[in-house]
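Enquirer: If you scroll down you'll find the structure; I have some questions about it.
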Amino acid sequence: MAASGRKMLSTVHKGLAFEQRALSLLQNNLSMSLTSVAGRGDGGIDLQGWWWLPQLTRAGNLGMADAKRSGDGVYGSASLLAAQDLVRRKVRVIAQCKAESRKLGPKHVRELEGVVSRLQFQSLPNATPGQPLAPTVAILISESLFTKASTLHAMSSPIPFLLLHLPPLPQTFGSSDKGTAKRQTTDDPCLVGSAVANQAFLGTSNGADVLGLSGKLEIRWERLIKPKVGGERGRLGLWWDRKRLAHWIPPA
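Residue numbers for the sequence shown follow the numbering used here, beginning at 1406 and rising by one.
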């Protein structure tokens, strides 16, 4: 195989591996039920599905389920919002995954904006009269950092936008000393991930509350104290009004 062919194959494998890693993190930590749609005719979409977020009442309070109250009260504990106590609603997710070595520029943000806008327009004829369409959030997931220009563009977008930086997994090196195998990993500050959302997503007082979150939802990168060798250094976590939100998706 020619060198160019091997490089192309390696790039494809890297992209698919990153996509599966992103899919796993989102589904296991952020209450999303997603499917991979990458391939020919995917319309610029890598992952799509639903995000199961808390339902707010008109008064701005959390919608609470009638069944299964815990002994500690509605929330289960002072620091965790129990999954079974909350009424959830679905938000449509359209995501792209980028495993590039260079920082991700604004053209990728514009591309995803166009994909979401097109899908929203195509959904209008199928809408049920009197029943609004589920809101849509655009998620751009990158293994490399985002440029300042790409971040500013996403922050000013009228579409609910989330930028997720999932840094590369630490490289593991093997060496032997008198027959004893030793394993070392790189320790780079860039291995700390991040999640940045715009005002259309957060629903803060300075912007339109498209998703109805009233500025109470946070997505945090929680760094693990004792990570596995060569494994994830952290995880994504959902927080609601300074309380950790328990993971939940509807049963299959």
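We treat Cβ as the ideally placed atom computed from N, Cα and C, and that holds for glycine. Here the structure is a predicted model, which is why all the values come from computation and not from measurement.
Which value, in whole angstroms, describes the spacing of the CA atoms of N1660 and I1544?
Expert: In the structure as shown, the chain begins at 1406 and stops at 1657. Residue 1660 is therefore absent and cannot be evaluated.
Enquirer: DSSP puts R1647 in a beta bridge; with which residues?
Expert: Along the sequence shown, read from residue 1 onward, the residue named residue 1647 stands at position 242. In the DSSP output, where bridge partners are listed per residue, R1647 has none listed.
Enquirer: Can you tell me where the alpha helix (DSSP H) holding G1510 begins and where it ends?
Expert: In the sequence shown, the residue the question calls residue 1510 occupies position 105. Element bounds for G1510: n/a, residue is neither H nor E.
Enquirer: Along the chain, where does the alpha helix (DSSP H) that runs through K1404 open and close?
Expert: Since the first residue shown for the chain is 1406 and the last is 1657, residue 1404 is missing from the structure and cannot be characterised.
Enquirer: Do the CB positions of L1571 and A1500 come within less than 9 Å of each other?
Expert: Translated into the one-based positions of the sequence shown, residue 1571 becomes position 166. Translated into the one-based positions of the sequence shown, residue 1500 becomes position 95. No, they are not a contact pair.
Enquirer: Helix, strand or coil: how does DSSP classify G1420 here?
Expert: The count along the sequence shown starts at 1 and reaches residue 1420 at position 15. Helix, per DSSP.
Enquirer: Go through its chain and collect everything with a Cβ distance to V1442's Cβ below 6 Å, but skip five positions before and after it.
Expert: Position 37 of the sequence shown, counted from the start, is the residue given in the question as residue 1442. Same-chain partners within the cutoff: I1450 and Q1453.
Enquirer: To the nearest angstrom, report how far apart Q1527 and K1503 are at their CA atoms.
Expert: Start at 1 with the first residue of the sequence shown, and residue 1527 comes out as number 122. Start at 1 with the first residue of the sequence shown, and residue 1503 comes out as number 98. Whole-angstrom Cα-Cα distance: 25 Å.
Enquirer: Do A1600 and F1566 have their CB atoms nearer than 9 Å?
Expert: As a working note, residue 1600 is residue 195 in the sequence shown. As a working note, residue 1566 is residue 161 in the sequence shown. Contact: no.
Enquirer: May I ask you to report which of helix, strand or coil DSSP gives R1638?
Expert: As a working note, residue 1638 is residue 233 in the sequence shown. If DSSP states are grouped into helix, strand and coil, R1638 belongs with coil.
Enquirer: With a CB to CB cut of under 7 Å and the five nearest residues on each side skipped, what residues in its chain are close to L1428?
Expert: Taking the first residue of the sequence shown as position 1, residue 1428 is located at position 23. Closer than 7 Å at the Cβ level, and outside the excluded window around L1428, lie L1439, S1441 and L1452.
Enquirer: What do you get for P1575, buried or exposed, if any count of 16 or more other CB atoms within 10 angstroms of its CB means buried?
Expert: Locating residue 1575 in the sequence shown gives position 170, counting from the first residue. When all chains shown are included, P1575 counts as buried.
Enquirer: Go to T1440, then tell me how far its beta strand (DSSP E) extends in each direction, as first and last residue.
Expert: Residue 1440 sits at position 35 when you count from the first residue of the sequence shown. Start and end: M1437 to S1441.
Enquirer: Is the CB-CB distance between W1645 and W1457 below 9 Å?
Expert: To locate residue 1645, count along the sequence shown from 1; it is residue 240. To locate residue 1457, count along the sequence shown from 1; it is residue 52. Cβ atoms of W1645 and W1457: not closer than 9 Å.
Enquirer: Can you tell which of Q1425, L1435, V1417 and H1418 has its C-alpha closest to the C-alpha of R1640?
Expert: Counting from one through the sequence shown, the residue named residue 1640 turns up at place 235. The candidate whose alpha carbon is nearest that of R1640 is L1435.
Enquirer: Inspect the beta-carbon positions of H1513 and S1561 and report whether they are closer than 9 Å.
Expert: Taking the sequence shown and counting its residues from 1, the one referred to as residue 1513 is at position 108. Taking the sequence shown and counting its residues from 1, the one referred to as residue 1561 is at position 156. No.
Enquirer: Quick check on the burial criterion: 16 or more other C-beta atoms within 10 angstroms. Buried or exposed for G1481?
Expert: Mapped onto the sequence shown, residue 1481 falls at position 76. Unreliable positioning characterises G1481 in this predicted model, as indicated by a pLDDT of 35, which lies under 50. A coordinate reading is not provided.
Enquirer: Is S1429 helix, strand or coil by DSSP?
Expert: Start at 1 with the first residue of the sequence shown, and residue 1429 comes out as number 24. Helix at S1429.
Enquirer: By the DSSP assignment, the alpha helix (DSSP H) with F1606 in it spans what residues?
Expert: Along the sequence shown, one-based indexing puts residue 1606 at 201. Element bounds for F1606: Q1604 to L1607.
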